Amino acid sequence: MDESFGTGCHLHLIDGSAFIFRAFHALPPLTRKSDGMPVGAVQGFCNMLLQYVGKDHGSDAPTHIAVIFDKGSHTFRNDMYDQYKANRDEMPEDLRPQIPLTRRATEAFNVACKEIAGYEADDIIATLAHQARDAGGRVTIVSSDKDLMQLVGDGVEMFDAMKNRRIDREAVEEKFGVPPERVVDVQALAGDSVDNVPGAPGIGVKTAALLINEFGTLEDLLDRAEEIKQPKRRQTLIEKREQIELSKRLVLLDANTPLDFTLDDLQLRDPDPEALLGFLSEMEFRSLSRRVAETLGAEAPVIPETAPEAADPDDAPEMPPFEEAVYETVTDAGGLKAWIDAAYRRGWVAVDTETTGLNEMACDLVGLSFAIEPGHAAYLPLAHRGEGDGGLFGDGDVTAGQMGIQEALDLLKPLLEDPAVMKIGQNMKYDAKVLGRYGIDIAPIDDTMLMSYAMNAGLHGHGMDTLSERYLGHTPIPIKEVIGTGKSQITFDKVPVDAATRYAAEDADITLRLWKTFKPQLHRAHVTRVYEGLERPLVPVLAAMERAGIAVDRDVLSRMSGAFAQKMAQLESEIHELAGESFNVGSPKQLGEILFDKMGIAGGKKGKTGAYATGADILEDLATEHDLPARVLDWRQVSKLKSTYTDALQEHINRDTGRVHTSYSIAGANTGRLASNDPNLQNIPVRSEEGRRIREAFVAEPGKVLVSLDYSQIELRILAHMAGIGELKQAFLEGQDIHALTASEMFNVPMEEMTSDVRRQAKAINFGVIYGISGFGLARNLRIPRAEAQGFIDRYFERFPGIKTYMDKTTAFAKEHKRVETLFGRVIHTPEIAAKGPRAGFAKRAAINAPIQGTAADIIRRAMIRMPAAIEALPATMLLQVHDELLFEVEEGAVDDLVGAARTVMENAADPVVKLDVPLVVEAGQGPNWAAAH
DNA sequence: GACATCACG
DNA sequence: GACGTACGTGATGTCC
58 MDESFGTGCH
68 LHLIDGSAFI
78 FRAFHALPPL
88 TRKSDGMPVG
98 AVQGFCNMLL
108 QYVGKDHGSD
118 APTHIAVIFD
128 KGSHTFRNDM
138 YDQYKANRDE
148 MPEDLRPQIP
158 LTRRATEAFN
168 VACKEIAGYE
178 ADDIIATLAH
188 QARDAGGRVT
198 IVSSDKDLMQ
208 LVGDGVEMFD
218 AMKNRRIDRE
228 AVEEKFGVPP
238 ERVVDVQALA
248 GDSVDNVPGA
258 PGIGVKTAAL
268 LINEFGTLED
278 LLDRAEEIKQ
288 PKRRQTLIEK
298 REQIELSKRL
308 VLLDANTPLD
318 FTLDDLQLRD
328 PDPEALLGFL
338 SEMEFRSLSR
348 RVAETLGAEA
358 PVIPETAPEA
368 ADPDDAPEMP
378 PFEEAVYETV
388 TDAGGLKAWI
398 DAAYRRGWVA
408 VDTETTGLNE
418 MACDLVGLSF
428 AIEPGHAAYL
438 PLAHRGEGDG
448 GLFGDGDVTA
458 GQMGIQEALD
468 LLKPLLEDPA
478 VMKIGQNMKY
488 DAKVLGRYGI
498 DIAPIDDTML
508 MSYAMNAGLH
518 GHGMDTLSER
528 YLGHTPIPIK
538 EVIGTGKSQI
548 TFDKVPVDAA
558 TRYAAEDADI
568 TLRLWKTFKP
578 QLHRAHVTRV
588 YEGLERPLVP
598 VLAAMERAGI
608 AVDRDVLSRM
618 SGAFAQKMAQ
628 LESEIHELAG
638 ESFNVGSPKQ
648 LGEILFDKMG
658 IAGGKKGKTG
668 AYATGADILE
678 DLATEHDLPA
688 RVLDWRQVSK
698 LKSTYTDALQ
708 EHINRDTGRV
718 HTSYSIAGAN
728 TGRLASNDPN
738 LQNIPVRSEE
748 GRRIREAFVA
758 EPGKVLVSLD
768 YSQIELRILA
778 HMAGIGELKQ
788 AFLEGQDIHA
798 LTASEMFNVP
808 MEEMTSDVRR
818 QAKAINFGVI
828 YGISGFGLAR
838 NLRIPRAEAQ
848 GFIDRYFERF
858 PGIKTYMDKT
868 TAFAKEHKRV
878 ETLFGRVIHT
888 PEIAAKGPRA
898 GFAKRAAINA
908 PIQGTAADII
918 RRAMIRMPAA
928 IEALPATMLL
938 QVHDELLFEV
948 EEGAVDDLVG
958 AARTVMENAA
968 DPVVKLDVPL
978 VVEAGQGPNW
988 AAAH
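The numbering of the first sequence is my numbering, which starts it at 58 and goes up by one.
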């Protein structure tokens, strides 16, 4: 048995990562009964390994075996091509905890388990296969990955364990149309959208095989490309030579991976029955344990039956009433360790952080609460203080009976970062940011707020109080009752520990109960993909952006504030002079009375509250005849810029970082858009020259620049795709001016004779369509008679009948299902669609707009989620999102690399889930400040 | 706290 | 035939 590897030996190489990924998607989801831990893929993996235990494979019997895993995501291929595998979606959260379990399973079966940092499993497999073949042995690669097919031949075969099918030379030839030796040549030409290997555009596997068979090898083909008869193909191969050669280097496996073991280390060994059966019973695999016990001649372990799942899946999970809940206060390391151990055993824990304030960037951690079972939760106070007003005499001392904050966090960090334990929270971005400032990178996470958002957007809010009342029938203790309100409000660290425990532990308890309620509903609502692909993975990305913040030049803002104050005072005195009396220009009520009563200007219209309307559109109409409204418009603009921007932004500069940190609400906008608050950095002025100067105060650090990338016309492109408008799609494919084209089609004006005014009108119509156009709205926007506007709309629908069809289909769908969906499956509920009266009009237009706006929101979310991996190696940081724009701060020398990488991610963000008929185009700008970058 | 106004996509 | 109306947000100031 201890001879070294050679003739007569048979090595089985199992592609572990690929197997578990396929098993996860192919097998029905299975969870461990006792605690709900997902284990379906682990079971499939163990079933596969079982064949290697004590069985006689005859002449095919393996003598050596190893399971090969990927290690880390960055490999030498990323150094060659930064976009390699950049399109990969995040690993599903239910698969993540199964990866370490798979490694443990391999060890339990006493099978060698190998991985090498910087190399893919495929490279290790290639290296071992070559070594085994050269030593005269046989090799079976357990995988169906086409990237491994280049290794087949000369005693190397593949085996598709899911389909129970051998893959030999003939099977490879059948798939690729060339023998295994030439597979890389075909792959280099055809490219691969999954791994993001570019290949030659327009050439697929069929054409590639044809070319390789004609010319012999890829190198001969490229050298003799001039001989290709088809002109387009010839041109592609000549022009894209470098890209094709890069593709070949990407797909070619490295058979010289440095290994820290030899083939002899992979000899097949019998498992230790105790270790293997112990693992299987821990996983609660009953039939598998029986079969293994039988094979090994051991006693089958007894796995206790736990309570079966509720018979009716619609039944709410059983939970004890809140009145019977038990909330503990954890005061020492022993108590905390008990909770940590319980969390490990369970595989999940609900967590909530309590802090001194709502600003995650400028507050201190006061305590943490935990829940593992409904009705049983704990609060861990860490920084509660005694009396002391926090003012002149400073804060009181930290009171006795609390663990040291550092000691507690040191104990908690491994748990909060353990990939096998799910951390459950309500608005986890908050907790992640706070804990991040204390050096804890909490993962993996589930978020009940985001679960509700994925299922219930449009129906109600997603705050904890709303959800608790709605889904648990329980009103949580109001925070006001704990910290008070108004002037006498205290910070949470001044709250007595017993009151804090009741409040904080209840929050964790509620969060856990909500999770138990929502988790099984996600699947039934068909939003698991949305939740796992578009909501949850955004949490760490946004947390990082918010923590990064953006530098704002206080002096620039301060100078502008001063100038604005002067201008306001000047305008104010002019206005008072014109009015003949002094009044508050900022009061629409007083202004209306001056304009329409005192001065007797015609056109005063009172709104529903009985006050005159004095909005900008009305004042603009008056401004043609009168000076006063014109001055008021100027005053309002300056006043807005000063109070909302130049004054307020200075208040938001963080003391510690010197930067401004916004906070994004993920579940704020019903359509899937983000919203920015405290401060809102998504509405910094840009449309007026005067306002745009405020963007000059948003600056890059010395040595760096700001880079802005924004999607061009993304909503119109989505409309062209969704409504299937051939002319519009064609125009986008050809890169034409879409508003000019619309104008040309509608008004029969040739493109060469287009005037800016006609184009402007067409642009307004295009936007109107996205908003659920109405004659009234368009008339008001263009300031034309309503009949004329209606005429435009009629002509538009005549010219693009597909748009009308799309709008009718969307409203019909909304009426039938009380919801609409984006291309990525995001659900937006439209309960108002059934309303009568004016509200029906609102609901209808919202229903038309939501799939378009929402799809655009989904696309940029996907780009943001993929961005960190794509720019990992660059000295660049993603700072802000403004709906169709991403703003980065990057070292001067790396601008081109960043633009290239970020643009690729953004333009391909819909792939591979949605294949758009129109290209997504991203425009880039850069400069020392945001005004220059935009 | 409601309302009007106005900044953005 | 009348009703009312562009879609989605957040911050500020006034006024009750």
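Note that CB positions come from ideal geometry on N, CA and C, so glycine has one too.
None of these values were measured; they are calculated from a predicted model.
Cα-Cα, which of the options is closest to residue i?
| i | options | result |
| --- | --- | --- |
| R402 | L937, R918, M340, F945 | M340 |
| A162 | A218, D151, V96 | V96 |
| F881 | E873, D915, A869, A907 | D915 |
| A511 | H709, T728, D550, K866 | T728 |
| T388 | I502, V717, L425, Y141 | L425 |
| V956 | A966, L973, E980 | E980 |
| Y109 | L84, F76, I71 | I71 |
| T862 | E873, L776, G792, A819 | L776 |
| R79 | L648, R919, S201, P535 | S201 |
| I497 | P597, T120, I905, L977 | P597 |
| I502 | N513, Y436, D522, P476 | P476 |
| K537 | A312, F549, P358 | F549 |
| P86 | K573, L106, G894, L152 | L152 |
Pick helix, strand or coil for residue i, following the three-state DSSP scheme.
| i | result |
| --- | --- |
| F62 | coil |
| K171 | strand |
| A367 | Its pLDDT being 41, under 50, A367 is placed unreliably in this model, and the value from its coordinates should be taken loosely. In this structure, A367 counts as coil in the three-state DSSP scheme. |
| L973 | coil |
| G825 | helix |
| L835 | helix |
| L652 | helix |
| L141 | The residue you asked about is not Leu; residue 141 is Tyr in the sequence shown. If DSSP states are grouped into helix, strand and coil, Y141 belongs with coil. |
| E296 | helix |
| V947 | strand |
| H683 | coil |
Quick one, are the C-beta atoms of residue i and residue j less than 7 Å apart?
| i | j | result |
| --- | --- | --- |
| W692 | V642 | yes |
| E417 | V478 | no |
| E772 | A871 | no |
| V243 | A257 | no |
| H519 | A797 | no |
| G606 | T714 | yes |
| A780 | G859 | yes |
| L320 | F62 | yes |
| T159 | I269 | no |
| V764 | D610 | no |
| D311 | D398 | no |
| V254 | L307 | yes |
Which residues mark the beginning and the end of the beta strand (DSSP E) in which residue i is found?
| i | result |
| --- | --- |
| P438 | 433-438 |
| H796 | Here H796 belongs to no beta strand (DSSP E); instead the alpha helix (DSSP H) covers 795-804. |
| G1026 | With the chain running from 58 to 991 in the structure shown, residue 1026 is simply not present. |
| Y768 | 761-768 |
| F216 | 213-217 |
| M935 | 933-938 |
| M479 | 479-482 |
| F166 | Run containing F166: none; DSSP gives neither H nor E here. |
| E411 | 405-412 |
| H121 | 121-125 |
I need the boundaries of the alpha helix (DSSP H) containing residue i, first residue and last residue.
| i | result |
| --- | --- |
| Y1022 | Not covered by the structure: residue 1022. The range shown for the chain is 58 to 991. |
| T862 | 858-874 |
| E339 | 330-340 |
Per DSSP, residue i forms a beta bridge with which residues?
| i | result |
| --- | --- |
| H67 | R195 |
| K470 | None, per the DSSP bridge assignment. |
| Y384 | A434 |
| S722 | A732 |
| K624 | Its beta-bridge partners do not exist; DSSP assigns none. |
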